[in-house]
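This report refers to the structure that appears directly beneath it.
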Amino acid sequence: MFSDGIFWDSGVHPQEGVESIPARVYERTYPEPSRIIIYRIQVSAFSATWAVLDGRWVENIPNPSWTLPLMKAYGVKGPTSWPIDFPKAEQVQLAFFMPKGTTSPLGNPEFGDEPVVDLETVVATQNFKDESVRTAVFDLRDVKIDHRVWQISLGITLACFALLRLVPEEFSETRILIGIALGAAMTGGVMPYVVPFVTTKRRRLAQNQYLPRARAPKNNQST
0 MFSDGIFWDS GVHPQEGVES IPARVYERTY PEPSRIIIYR IQVSAFSATW AVLDGRWVEN
60 IPNPSWTLPL MKAYGVKGPT SWPIDFPKAE QVQLAFFMPK GTTSPLGNPE FGDEPVVDLE
120 TVVATQNFKD ESVRTAVFDL RDVKIDHRVW QISLGITLAC FALLRLVPEE FSETRILIGI
180 ALGAAMTGGV MPYVVPFVTT KRRRLAQNQY LPRARAPKNN QST
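Here the sequence shown is numbered in numbering that gives the first Met the number 0, starting from 0 and rising by one per residue.
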């Protein structure tokens, strides 16, 4: 045994009265090579080499120059081009920078702290964001409502209230017209902010839309 560094002399702990040291041990085994395929990614200026386990879990290979020969010797297939039926490589690359979680594409409790991306969660997230929802104009991304809309609406509303106080009750038709103008002004001022009359995809909403836990593939896997 070594007396310095990682290993200590076998007689040190008994001499100090320490009979045992608790430790947390993990057992890690290599998956069969038939379960792994290597892909070479080239999108514009971005290039990478990824290993995909079971057609689902993606891990980046940081040093392919010496890692690939070892993996090939182990029997792993590739490298080959990224399949068209997989999520876009750009979406997978972005997933590597997301926080880990059940509803996030990044991470798998079975792999510890290894940065792996779940392709099924990537697909589920994209499908969720592509769903159509009804919303107000105010909630749309990259849409700015001219504040003069509610300013004009407020001006017309105040004017209508003033006219209703001035016009005698015997002029019922005039008061009805003023009431119609009042309702139209109030509706026009409020509608862009609160009335959900626009149908659009979730991804176009100003507020980020996150995949519900009940629809997360990793959540279904754990149950």
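Every residue gets a Cβ at the ideal spot worked out from N, C-alpha and C, and that includes glycine.
- prompt: Quick one: what does DSSP say Pro68 is sitting in, helix, strand or coil?
  reply: If you number the sequence shown from 1, residue 68 lands on position 69. Looking at Pro68 - three-state DSSP - the assignment turns out to be helix.
message: For Ile155 and Glu169, I'd like the C-alpha separation in whole angstroms.
response: For this step, residue 155 is matched to residue 156 along the sequence shown. For this step, residue 169 is matched to residue 170 along the sequence shown. As the crow flies, the alpha-carbon of Ile155 is around 23 angstroms from that of Glu169.
query: For Trp81, which residues does DSSP report across the bridge?
result: For this step, residue 81 is matched to residue 82 along the sequence shown. Per DSSP, none; premise fails for Trp81.
task: Find the nearest neighbour of Gly74 within the set Ser33, Ser80, Val116 and Pro108, judged by alpha-carbon distance.
output: Working through the sequence shown from its first residue, we reach residue 74 at position 75. With distances taken between Cα atoms, Gly74 lies closest to Ser33.
Segment contact, 8 angstroms Cβ cut-off, at least three pairs: the region 100-108 with the region 116-124: Segment contact: the region 100-108 against the region 116-124, three or more CB-CB distances shorter than 8 angstroms; contact assigned.
field: alpha helix (DSSP H) runs wholly inside the region 87-135, at least 4 long, in chain order
entry: Taking only runs of at least 4 residues, the alpha helix (DSSP H) segments lying wholly in the region 87-135 are 88-94 and 118-128.
message: Among the candidates Pro167, Tyr38 and Thr199, whose CA atom is the shortest distance from the CA of Met70?
response: Translated into positions along the sequence shown, residue 70 becomes position 71. Checked all of Pro167, Tyr38 and Thr199; the closest Cα to Met70 is Tyr38.
- request: Name the one or two DSSP bridge partners that Leu176 has.
  value: Residue mapping note: residue 176 aligns to position 177 of the sequence shown, counting from 1. According to DSSP, Leu176 shares a beta bridge with no other residue.
query: Taking C-alpha atoms, which residue in Thr79, Ile177 and Pro30 lies nearest to Trp56?
result: For the purposes of this step, residue 56 is taken as residue 57 along the sequence shown, with counting starting at 1. Nearest to Trp56 by alpha-carbon distance, out of Thr79, Ile177 and Pro30, is Pro30.
- request: Express the C-alpha separation of Thr28 and Phe1 in angstroms, rounding to a whole number.
  value: For this step, residue 1 is matched to residue 2 along the sequence shown. For this step, residue 28 is matched to residue 29 along the sequence shown. Any reading at Phe1 must be qualified, since the residue scores a pLDDT of 35, below 50, and its modelled position is unreliable; no value is offered.
- request: Flag this pair as yes or no: are the beta carbons of Glu89 and Val132 separated by less than 8 angstroms?
  value: Residue mapping note: residue 89 aligns to position 90 of the sequence shown, counting from 1. Residue mapping note: residue 132 aligns to position 133 of the sequence shown, counting from 1. Not closer than 8 angstroms, so no.
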